[in-house]
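Novice: Supplied in structure tokens, the structure appears directly below.
In our numbering, the protein residues as written are 138 to 427.
Here it is as structure tokens:
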């Protein structure tokens, strides 16, 4: 009898020991279980993996939580259809436009006028420097010198370049001059907030306009370019522009140009106006098979 009683006590002690070890282990794994809890009812809550009680949540709270991810914000029956991924995209690229600025007296053109009337690049509050390119004539070089002095009077960093006199069939000379000037511009501190000014030579406005567009397009994928001309007739900067040798050309209405304007502004003696053109519809390139 004593032996059986001892065995019975030993079994109860063993069970109590196992339960105590299990409780301590659970307290280490889950510190919240170490806190004293009130005596629970005999009905055991549903358990997840590991035997821990699962947090009870009402069906209404669950439905509200899930619906917050799928329910559109706002009111109205058409809210779902107005979301961006359901809407048809409109015009992605803007049609190019260039402003022609009237100058009453071309001999009195000041760098202040160029800085004030030329649109700033996106994200800039002012132009950081002036880079003036004179066409291949004495009058253009003289005008570039006056603009240089007026720019220095404003405290701006100014650099002047001269386009060489080339024959119309000098393709190599035109190529070398174009990349030489753009390289010098970068070495002299030109950046995305610089203003490039091209002073056209007499009788070369058409080819000089093309050169101005290409010169402003090369460094940094484009800088703001102002074109100064004394021509007595309008010349559309959004038409097809071609250099004197025909080596370089630019057409603003081509969709491949993505609506980029060849010039930021034109300064001349004619009344102010705005040149506009619509972008041509894009079509994939399909070369003819031979």
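Each residue gets a CB set at the ideal place from its N, CA and C atoms; glycine is no exception.
#1: If we ignore side chains and look at the alpha-carbon of each, how far apart do residue 433 and residue 344 end up?
#2: Run through the DSSP bridge pairs and tell me what residue 361 is partnered with.
#3: With DSSP run on the structure shown, which of helix, strand or coil describes residue 385?
#4: If you follow the beta strand (DSSP E) that residue 422 is in, where does it begin and where does it stop?
#5: Could you check whether residue 375 and residue 392 sit closer than 8 Å to each other, using their CB atoms as the reference points?
#6: Would you list the residues sitting across from residue 405 in a DSSP beta bridge?
#7: Is the beta carbon of residue 363 closer than 8 Å to that of residue 404?
#8: How long is the line joining the alpha carbons of residue 389 and residue 421, rounded to whole angstroms?
#9: Starting from residue 411, follow its DSSP beta bridges and name the residues at the other end.
#10: Name the residue from 384, 425, 337, 398 whose alpha carbon lies nearest to the alpha carbon of residue 270.
#11: How would you label residue 291, buried or exposed, when you count the other beta carbons within 10 angstroms and need 16 or more for buried?
#12: If you run the structure through DSSP and keep just helix, strand and coil, what is residue 338?
#13: State the DSSP-derived secondary structure class of residue 271, mapped to helix, strand or coil.
#14: I'd like the list of long-range same chain contacts for residue 350, defined as Cβ closer than 8 Å, with 5 residues on each side in sequence excluded.
#15: Taking the alpha-carbon of residue 354 as reference, which of 244, 372, 370, 333 has the nearest alpha-carbon?
#16: Could you pull the start and end residues of the alpha helix (DSSP H) that residue 309 belongs to?
#17: Just the C-alpha distance for residue 352 and residue 312, rounded to the nearest angstrom, thanks.
#18: For the alpha helix (DSSP H) holding residue 417, just list the boundary residues, first then last.
#19: If you reduce the DSSP assignment to three classes, tell me which class residue 352 lands in.
#20: With DSSP run on the structure shown, which of helix, strand or coil describes residue 372?
#21: Compare the Cα-Cα distances from residue 293 to each of 276, 309, 327 and report the closest residue.
#22: Would you tell me roughly how many angstroms separate the C-alpha atoms of residue 208 and residue 384, rounded to the nearest one?
#23: Looking only at its own chain, which residues have a Cβ that is under 7 Å from the Cβ of residue 408, when we skip the five neighbours before and after it?
#24: Can you have a look at residue 231 and say buried or exposed, based on whether 16 or more other CB atoms are within 10 angstroms of its CB?
#25: First and last residue of the beta strand (DSSP E) that includes residue 294?
#26: Please tell me whether residue 267 and residue 248 are closer than 8 Å, where the distance is taken between their beta carbons.
#27: Starting from residue 302, follow the alpha helix (DSSP H) in both directions and report where the run begins and ends.
Specialist: From the atom records:
#1: Only positions 138 to 427 of the chain appear in this structure, which leaves residue 433 out of reach.
#2: 332
#3: coil
#4: Boundaries cannot be given for residue 422, as no beta strand (DSSP E) includes it and DSSP labels it neither H nor E.
#5: no
#6: 239
#7: yes
#8: Inter-residue distance for residue 389 and residue 421 is about 18 Å (C-alpha atoms, whole angstroms).
#9: 236
#10: The residue with the shortest Cα to Cα distance from residue 270 is 337.
#11: With fewer than 16 other Cβ atoms within 10 Å, it is exposed.
#12: coil
#13: strand
#14: Within the same chain, and ignoring the five residues on either side of residue 350 in sequence, the residues whose Cβ sits closer than 8 Å to its Cβ are 362, 374, 378, 387, 399, 400.
#15: Closest by alpha carbon: 333.
#16: 308-324
#17: 11 Å
#18: Element bounds for residue 417: n/a, residue is neither H nor E.
#19: In the structure shown, the three-state DSSP call for residue 352 is helix.
#20: coil
#21: 327
#22: Legend: pLDDT at residue 208 = 47, less than 50; position of this residue unreliable, value from coordinates given subsequently. Distance between the alpha carbons of residue 208 and residue 384: 59 Å.
#23: Excluding residues up to 5 positions away in sequence, 239 lie with their Cβ nearer than 7 Å to the Cβ of residue 408 in the same chain.
#24: exposed
#25: Its beta strand (DSSP E) spans residues 294-299.
#26: yes
#27: From DSSP, residue 302 is part of no alpha helix (DSSP H); its letter is neither H nor E.
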